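Here the sequence shown is numbered in UniProt numbering, starting from 1 and rising by one per residue.
Built from N, CA and C at the ideal position, the CB exists for glycine as well.
Remember, it's a predicted structure, so these values are computed and weren't measured experimentally.
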Amino acid sequence: MPESFTNTFGMMLIAFSVDLILYGVGLLLVFQYYRAFYSDPMWPLKIMVAAMIILMTTQVGSFFAWVYWDLIVNFGNIAKLDIMVRTALVQLLAIYITAFVSQCFYASRVWRLSHGNVWMTGFIMTLALLQISAGIAQTTLSGQIGVFSLLFTTKTVTTIQSGATAACDLSITVLLCWVLHGSRTGVRSTDALLDKLITYAINRGALTTLAAFLNMLLFVLRPEAFIFMVPLLCSGQLYVISVVTTLNCRGVKLENSSHLHSLGVDSLPMSSYIPGNKSGTGVHVTKSIVTWTEDEDQTKMRSRDPSVAKSSPAPLGEILRIE
Numbered sequence: 001m002p003e004s005f006t007n008t009f010g011m012m013l014i015a016f017s018v019d020l021i022l023y024g025v026g027l028l029l030v031f032q033y034y035r036a037f038y039s040d041p042m043w044p045l046k047i048m049v050a051a052m053i054i055l056m057t058t059q060v061g062s063f064f065a066w067v068y069w070d071l072i073v074n075f076g077n078i079a080k081l082d083i084m085v086r087t088a089l090v091q092l093l094a095i096y097i098t099a100f101v102s103q104c105f106y107a108s109r110v111w112r113l114s115h116g117n118v119w120m121t122g123f124i125m126t127l128a129l130l131q132i133s134a135g136i137a138q139t140t141l142s143g144q145i146g147v148f149s150l151l152f153t154t155k156t157v158t159t160i161q162s163g164a165t166a167a168c169d170l171s172i173t174v175l176l177c178w179v180l181h182g183s184r185t186g187v188r189s190t191d192a193l194l195d196k197l198i199t200y201a202i203n204r205g206a207l208t209t210l211a212a213f214l215n216m217l218l219f220v221l222r223p224e225a226f227i228f229m230v231p232l233l234c235s236g237q238l239y240v241i242s243v244v245t246t247l248n249c250r251g252v253k254l255e256n257s258s259h260l261h262s263l264g265v266d267s268l269p270m271s272s273y274i275p276g277n278k279s280g281t282g283v284h285v286t287k288s289i290v291t292w293t294e295d296e297d298q299t300k301m302r303s304r305d306p307s308v309a310k311s312s313p314a315p316l317g318e319i320l321r322i323e
């Protein structure tokens, strides 16, 4: 039996409304990022953020064009509502590319945190490549079909795409938690900050993984309805929010969470928690004196040799700088 208008274009309108709200949140976070890190020499990150927000602007614009065409231009023309317009395909491809960029970014974080673990990074990249490949294939097939009533014929490739997306996002979350947990030192303030980073990692992957899983489940169960569009068409904005929030967290002050006092330091990236990581956004010794005071055991550590900080078992005993 054909689905009701509520379960099709009603769901599309709900998805568009949620997408616009999340797009606004993403724009605000991007503005905060460029304002806080305008002098950051990491131009690849700036270019990546710009590319993601351009992709999502394209997605929102094409989504609006699709909604306007179906609900305004073709109002009351039921036959034409079944036609899959090109703008619907454009915004779908923009979402898949944005997800791939986000997954590549987090794969690079896992690479740095794990000190170049090929197996961890390779596993994530394999799933990311599978996701984008299936996404391109699904978009191509949808364009060839040309009508929504036959969208169920793409069930196999759509399931592969959404399944690979969910598996990739879940793997990123698990591996980030794994490498961060393995960096515990037994020092309370250090472990407390690591716990916060683990919480950030879980929060980062929860929404995108859930969105991909719901997209797969709803499409398999109700391919003739547009209910699956709600998690699918909003997922691109979630990736932008996730990545930019992670980058903005580099500016979080440490004074409120530990008694680490260092000269010339006010922020640190995620990978800075791992001892001995001295490449990219990793750990860099920038001063010759480090003082760490723990109230519990009243222990103090001072190092006047940068090589001592490198071998210290406590990763937060090093002075850190974002590069």
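Note down, in chain order, each residue of its chain lying with its Cβ closer than 8 Å to the Cβ of residue i, except the 5 sequence neighbours on either side.
| i | result |
| --- | --- |
| Ser257 | Its pLDDT being 43, under 50, Ser257 is placed unreliably by the model, and the measurement read from it follows with that caveat. Within the same chain, Ser257 has close Cβ partners Ser189, Ala192, Leu193, Lys196. |
| Ile202 | Thr173, Cys177 |
| Val25 | Gln237, Ile241 |
| Leu13 | Val67, Leu71 |
Just checking my contact of residue i with residue j at CB under 8 Å: how many whole Å lie between their CB atoms?
| i | j | result |
| --- | --- | --- |
| residue 396 | Ala94 | Nothing can be reported for residue 396: it is not among the residues displayed for the chain, which extend from 1 to 323. |
| Met11 | Val230 | 6 Å |
| Ala164 | Leu130 | 4 Å |
| Phe5 | Asp82 | Not quite, the Cβ-Cβ distance comes to about 12 Å (not below 8 Å), so this is no contact. |
| Met216 | Ala166 | 7 Å |
| Val101 | Ala51 | 7 Å |
| Tyr96 | Ile132 | 6 Å |
Are the CB atoms of residue i and residue j nearer to each other than 8 Å?
| i | j | result |
| --- | --- | --- |
| Gly205 | Leu180 | no |
| Met84 | Ser162 | no |
| Tyr200 | Ala99 | no |
| Thr8 | Phe226 | yes |
| Thr158 | Phe213 | no |
| Leu27 | Ile47 | no |
| Thr139 | Leu89 | yes |
| Gln103 | Ala134 | no |
| Tyr23 | Val49 | no |
Going by the DSSP bridge assignment, what does residue i pair with across the sheet?
| i | result |
| --- | --- |
| Val67 | In DSSP, Val67 forms no bridge with anything. |
| Val18 | Paired residue(s): none; Val18 is not in a bridge. |
For residue i, which residues in the same chain have their Cβ closer than 7 Å to its Cβ, ignoring the five residues on either side in sequence?
| i | result |
| --- | --- |
| Leu29 | Ile241, Val244, Thr245, Asn248 |
| Asp19 | Val60, Phe63, Leu233, Cys234, Gln237 |
| Ile198 | Cys177, Leu180, His181 |
| Pro223 | Leu151, Phe152, Lys155 |
| Ala15 | Met229, Val230, Leu233, Cys234 |
| Asp70 | Phe9, Leu81 |
| Thr208 | Asp169, Ser235, Leu238, Tyr239, Ser242 |
| Arg184 | Asp191, Leu194 |
Grouping DSSP H, G and I as helix and E and B as strand, with all else coil, what is residue i?
| i | result |
| --- | --- |
| Ala83 | Per the sequence presented here, residue 83 reads as Ile, with Ala not at that position. It is a strand residue. |
| Val60 | helix |
| Val147 | strand |
| Thr185 | coil |
| residue 326 | Outside the displayed range of the chain (1 to 323) lies residue 326, so it cannot be described from this structure. |
| Pro41 | coil |
| Ala225 | coil |
| Asn74 | coil |
| Phe9 | helix |
| Ser271 | Low per-residue confidence applies at Ser271: pLDDT is 41, beneath 50, and the placement is therefore not dependable enough to give any value. |
| Ser133 | helix |
| Ser4 | coil |
| Val265 | Below a pLDDT of 50, predicted positions are generally treated as unreliable, and Val265, at 31, falls in that range; the measurement from the model is reported next regardless. Here Val265 sits in coil by DSSP. |
| Gln91 | helix |
Near residue i, which residues of its chain fall below 6 Å by C-beta distance, leaving aside the five closest residues on each side in sequence?
| i | result |
| --- | --- |
| Thr87 | Ser62, Ala65, Trp66 |
| Thr121 | Ala107, Val110, Trp111 |
| Thr126 | none |
| Gly146 | Met84 |
| Lys80 | Asn74 |
| Gln91 | Gln59, Ser62, Phe63 |
Measuring from the CB of residue i, is there a heavy atom of the ligand MN at a distance below 7 Å?
| i | result |
| --- | --- |
| Leu20 | The ligand content of the structure shown is nil, which means the ligand MN is not present either. |
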